[in-house]
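Participant:
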């Protein structure tokens, strides 16, 4: 008999099953003893205490301290039984032969095998030295102040450069004609750290002595001149402020360099075989790259590493498309080359993982089996439950009519507020209001031009509670007309609100809440459908619970 791997993702997919099997009830004293004894037998499969141990550990780690004290853990056993029934039925229907399931399992197996290989063979640096940080600080936190003049043509830029060299003020020219955003400052930029200056500008600035101007250079659809006004070393007093970010930056650089070196070593002796015809077909397809047709690749292998899986035309196009979406400013040909490099490296890793036997390791096999079980259960539920869920307009209309208040928007208010600088004065206001003094009367006593008390009358505007701070909302949501809040501290003083008027929020239209109703109806129908499927499976299956073993394990029967 086989045992269900209880650490499976199946048992952790709370989205499907915990909504169906309510597990929140009185606390259970879990006693993980007798772990080899059977708790339940479902056909030829057995769930033992040792299977439950890992499931409980996994689930327990996801709960808050409060939830742990009231979670009824034996419901995980009920859930495990239901999962196993679904799995057995999916296997009986040979869903494990489905191409999607097999592809998913193969991908997960490859990823887990790769993860184990990298854990044992790739050891990235974890330390950055103080001298390295000091060197980076001196380079990236130098300070520059530059002045720029942007002109429409190269000829114009050359002419103005000659004028400046002959003594014409660059400041005046910039104010008169510069096309860049610093025009009204005479082209003068603020004093900035090297790291904060735009790359092209800082590359030019660091090569120029103070007071010297650059040759014209193309920049943002114009031709610019740049002069360094100030160049100062990094300020040692700023090092503590930037040390952590510099360390993180350098560590990332070290890890990336180590990874590139590791990949280079992996690829030694694993020369790729490039299907040049297939590669050229992709490289010449830039016109369609933003269309859906571009992704309609085929199974032709473009890159093949000896001993590894081939990279198909479809996979290559998908990678290029992803690069285009994330880095569209880079030319298409460069992105194709980037995809070639990355996919070649991944194919080499795939080859070495296979050749070193990582895909055959017991832990990888177990993980792949759990992945397959999860896929099968989800596929079975999709076919037998989800596909049979149907909606009709009358159901939606009936639900909407019966739950009107659920769709009501928050009440709206017209408020008057007073801002008071002194807390003592604000407290006095609240005390007098609590004793029945009229808010408007108090407001009328505020001296004109007072800097300690300011009345802000917003009674012409309807507002909702959501526009107020959370602590104000809690007190004011039930206040009647004429009611007042306490005094709330703000950066501008203490604020007291008075309710001038209130009205109930409107009820959203059925069209506005269509998706909300659809979600509720789906959950109802999903639960009913899954319950019906499980009831049929249980009726036609032999499920046996070992109550004495369950009592020993959980502290009570189920």
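Residue numbers (our numbering): 50 to 607.
Note that the Cβ used here is the ideal one computed from N, Cα and C, for glycine as well.
Just so we're clear, the structure is a prediction, and the values are computed from it rather than from any experiment.
Going along the chain, which residues of its own chain have a beta-carbon closer than 8 angstroms to the beta-carbon of residue 324, five neighbours each way excluded?
Facilitator: Around residue 324: 349, 350, 351, 352 and 353.
Participant: Can you list, in chain order, the residues of its chain with a C-beta nearer than 6 angstroms to that of residue 397? Leave out the 5 residues immediately preceding and following it.
Facilitator: Excluding residues within five positions, the ones whose Cβ falls inside 6 angstroms are 315, 316, 319 and 354.
Participant: What three-state label does DSSP hand residue 511 in the structure shown?
Facilitator: Coil at residue 511, not helix or strand.
Participant: Thinking residue 276 and residue 196 are a contact (beta carbons under 8 angstroms), I'd like their distance in whole angstroms, please.
Facilitator: About 5 angstroms; that satisfies the 8 angstroms criterion.
Participant: Just the Cα atoms here: how many angstroms apart are residue 592 and residue 403?
Facilitator: About 41 angstroms.
Participant: Contact check, residue 458 vs residue 567 under 8 angstroms by CB: the rounded distance?
Facilitator: Actually they are not in contact, since the Cβ atoms of residue 458 and residue 567 sit about 20 angstroms apart, beyond 8 angstroms.
Participant: Looking at residue 222 and residue 271, is the spacing between their C-beta atoms short of 9 angstroms?
Facilitator: Their beta carbons are not under 9 angstroms apart, which means residue 271 does not touch residue 222 by this criterion.
Participant: Do you know whose CA, among 106, 103 and 429, lies nearest residue 150's CA?
Facilitator: Minimum Cα distance to residue 150 is reached at 429.
Participant: By Cβ distance below 6 angstroms, which residues in the same chain neighbour residue 553 in space, the five residues on each side in sequence not counted?
Facilitator: Same-chain partners within the cutoff: 460.
Participant: Tell me the DSSP secondary structure of residue 547 in three-state form.
Facilitator: Strand, per DSSP.
Participant: Below 8 angstroms on the Cβ atoms is my guess for residue 530 versus residue 548; work out the distance and round it to an integer in Å.
Facilitator: Right, their Cβ atoms sit about 5 angstroms apart.
Participant: At what residues does the beta strand (DSSP E) containing residue 536 begin and finish?
Facilitator: Counting along the chain, residue 536 falls outside any beta strand (DSSP E), and DSSP gives it neither H nor E.
Participant: Could you name each continuous beta strand (DSSP E) segment of 3 residues or more that falls completely within the segment 334 to 399, going from the start of the chain to the end?
Facilitator: Within the segment 334 to 399, the complete beta strand (DSSP E) runs of at least 3 residues are 350 to 353.
Participant: Looking at C-alpha atoms only, which residue of 505, 483 and 484 is the closest neighbour of residue 493?
Facilitator: Of 505, 483 and 484, the residue nearest in Cα terms is 505.
Participant: At which residues does the alpha helix (DSSP H) containing residue 194 begin and terminate?
Facilitator: Not the alpha helix (DSSP H): residue 194 falls in the beta strand (DSSP E), residues 192 to 200.
Participant: Out of 562, 391, 415 and 294, state which residue places its alpha-carbon closest to the alpha-carbon of residue 161.
Facilitator: Nearest option by C-alpha distance: 415.
Participant: Mind checking whether residue 247 and residue 259 have CB atoms under 9 angstroms apart?
Facilitator: Contact: no.
Participant: Applying the 10 Å Cβ sphere with the 16-neighbour rule, what's the burial state of residue 76?
Facilitator: Residue placement at residue 76 is poorly supported in this model, since its pLDDT is 34, which falls under 50; the coordinates still yield a value, given next. With fewer than 16 other Cβ atoms within 10 Å, it is exposed.
Participant: Hey, out of 535, 173 and 378, whose CA is closest to residue 312's CA?
Facilitator: Ranking the options by Cα distance to residue 312, first place goes to 173.
Participant: Taking its Cβ as the centre, do 16 or more other Cβ atoms sit within 10 Å of residue 97, making it buried, or is it exposed?
Facilitator: By the neighbour-count rule (16 or more Cβ atoms within 10 Å), residue 97 is buried.
Participant: Taking C-alpha atoms, which residue in 232, 123 and 280 lies nearest to residue 190?
Facilitator: With distances taken between Cα atoms, residue 190 lies closest to 280.
Participant: What's the C-alpha gap between residue 364 and residue 328?
Facilitator: Whole-angstrom Cα-Cα distance: 12 angstroms.
Participant: Return helix, strand or coil for residue 171, following the three-state DSSP convention.
Facilitator: Coil, per DSSP.
Participant: Can you tell me where the alpha helix (DSSP H) holding residue 423 begins and where it ends?
Facilitator: Taken as a continuous stretch (DSSP letters only), the alpha helix (DSSP H) holding residue 423 covers 411 to 433.
Participant: Comparing the CB of residue 285 with every heavy atom of the ligand ATP, is any distance shorter than 8 angstroms?
Facilitator: The model depicted lacks the ligand ATP and carries no ligand whatsoever.
Participant: If contacts are defined as beta-carbon pairs under 8 angstroms, then residue 586 and residue 138 qualify, I think. What distance do you get, rounded to the angstrom?
Facilitator: Correct: roughly 6 angstroms between the Cβ atoms.
Participant: Which word fits residue 253, buried or exposed, when buried means at least 16 other C-beta atoms lie within 10 angstroms of its C-beta?
Facilitator: The residue is buried, with at least 16 neighbouring Cβ atoms inside 10 Å.
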